[in-house]
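K.L.:
Numbering (the working numbering) for the sequence shown: 1468 to 1696. Idealized CB from N, CA, C, for every residue including glycine. Bear in mind the structure is a predicted one, so any value in this text is a computation, not a measurement.
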Amino acid sequence: MAAAGADPARPAARLWWWAAGLAVFGLLPVLARLLVELAGGTVTTPANTRPGAAIPLILHAVSGTVFTVLGAFQFPTAGRSRGRARVWHPRAGRLLVLAGATAALTALWLTLFFSDTRGSGVLLYLFRLAFGVAMVACLVAGVVAIRRGGALRHRAWMIRAYAIGLGASTQIVTLGVGGALIGDGELGTALLTAAGWMINLGVAEWVIRHRSRAARPDRRATGAPAVRR
């Protein structure tokens, strides 16, 4: 029961503010590219140097942006059983699974067929493959969980998938700050790129555990065992 004088709308409002912040953070790769081009520079991509890379690159950019921006607004609506959230969350979720899978699979495609390990290194190549496969696996696990009625497991897997998908934004920070400190060598770039994904996954695991504890029934208060989900 809420304490007297407490506003029950405040936690929900904070969630929407966090979602808006995540959405803006998810736009960082797009904004960074735009700023570079406005400054008269060019962004080197596989499409600049390899024929046939333009279509998967465009698909990757569009689907990745949809996944990170729209996906942020799934958090305030998760677990809601009333109002528009009850309709919005599953409908948007289907689109997001498609967008996330497209982003991950095109990333794998670009890595396998258009990545030059002579310029970026074998370690970075392996990191990209590993996290691309991990994102697909998280999406599949999330879909399987919700089809079996495991809402908490579904939420956990989708949070992990979102964390990996948001990696490009965090990597702008890790590569920018870390690159200034240790340089932009092959090994440093690979480790700083992986750090972006690992930071996100670390935060994701904290959120998953925090929300799981909040959703778990208090057995001492009810006298009943907690329900497994």
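Relative to the alpha-carbon of H1677, which residue among T1637, R1622, A1628 has its alpha-carbon at the smallest distance?
P.N.:
The residue with the shortest Cα to Cα distance from H1677 is R1622.
K.L.:
Skipping 5 residues on each side, what residues in its chain have a beta carbon closer than 7 Å to that of W1483?
P.N.:
So the qualifying residues of the chain are P1543.
K.L.:
Within the continuous alpha helix (DSSP H) that includes S1591, where are the two ends?
P.N.:
Per the sequence shown, residue 1591 should be read as Leu rather than Ser. From DSSP, the alpha helix (DSSP H) with L1591 extends over 1589-1614.
K.L.:
Any idea if P1475 is buried or exposed, counting beta-carbon neighbours within 10 angstroms, 16 or more meaning buried?
P.N.:
Note on P1475: pLDDT 45, under 50, position unreliable in the model; no value is reported.
K.L.:
Tell me the residue span of the alpha helix (DSSP H) that contains G1617.
P.N.:
First-last for G1617: undefined, no H or E at that position.
K.L.:
Three or more C-beta pairs closer than 8 Å, one from the segment 1604-1612 and one from the segment 1583-1591: is that the case here?
P.N.:
Flag = no, the segment 1604-1612 and the segment 1583-1591 do not touch.
K.L.:
According to DSSP, is P1557 helix, strand or coil?
P.N.:
Here P1557 sits in helix by DSSP.
K.L.:
In whole angstroms, what separates the C-alpha of L1654 from that of L1642?
P.N.:
Using only the alpha carbons, I get a separation of about 12 Å.
K.L.:
Could you give the DSSP three-state label for P1543: helix, strand or coil?
P.N.:
Three-state DSSP puts P1543 in coil, outside helix and strand.
K.L.:
Between I1613 and chain B, is any beta-carbon pair separated by less than 8 Å?
P.N.:
The structure shown has no chain B; it contains just one protein chain.
K.L.:
Please list the terminal residues of the continuous alpha helix (DSSP H) segment that includes I1582.
P.N.:
For clarity, residue 1582 is Ser in the given sequence; the question names Ile instead. Counting along the chain, S1582 falls outside any alpha helix (DSSP H), and DSSP gives it neither H nor E.
K.L.:
Taking all protein chains shown into account, do 16 or more other C-beta atoms lie within 10 angstroms of the C-beta of R1620, making it buried, or fewer, making it exposed?
P.N.:
The residue in question, R1620, is buried, as its Cβ has 16 or more Cβ neighbours within 10 Å.
K.L.:
Where does G1652 sit, in a helix, a strand or coil, going by DSSP?
P.N.:
Three-state DSSP puts G1652 in coil, outside helix and strand.
K.L.:
Just to confirm, does F1492 get its C-beta within under 7 Å of one of the non-hydrogen atoms of the ligand ATP?
P.N.:
In the structure shown, the ligand ATP is absent, as is every other ligand, since no ligand is present at all.
K.L.:
Quick check on this structure: which residue in L1633, V1529, R1561, F1580 has the alpha carbon closest to the alpha carbon of V1610?
P.N.:
Nearest C-alpha to V1610: R1561.
K.L.:
What do you reckon, are the CB atoms on A1612 and G1567 nearer than 8 Å?
P.N.:
No.
K.L.:
If you drop the 5 nearest sequence neighbours on each side, which residues of the same chain put their C-beta closer than 7 Å to that of V1497?
P.N.:
Closer than 7 Å at the Cβ level, and outside the excluded window around V1497, lie T1532.
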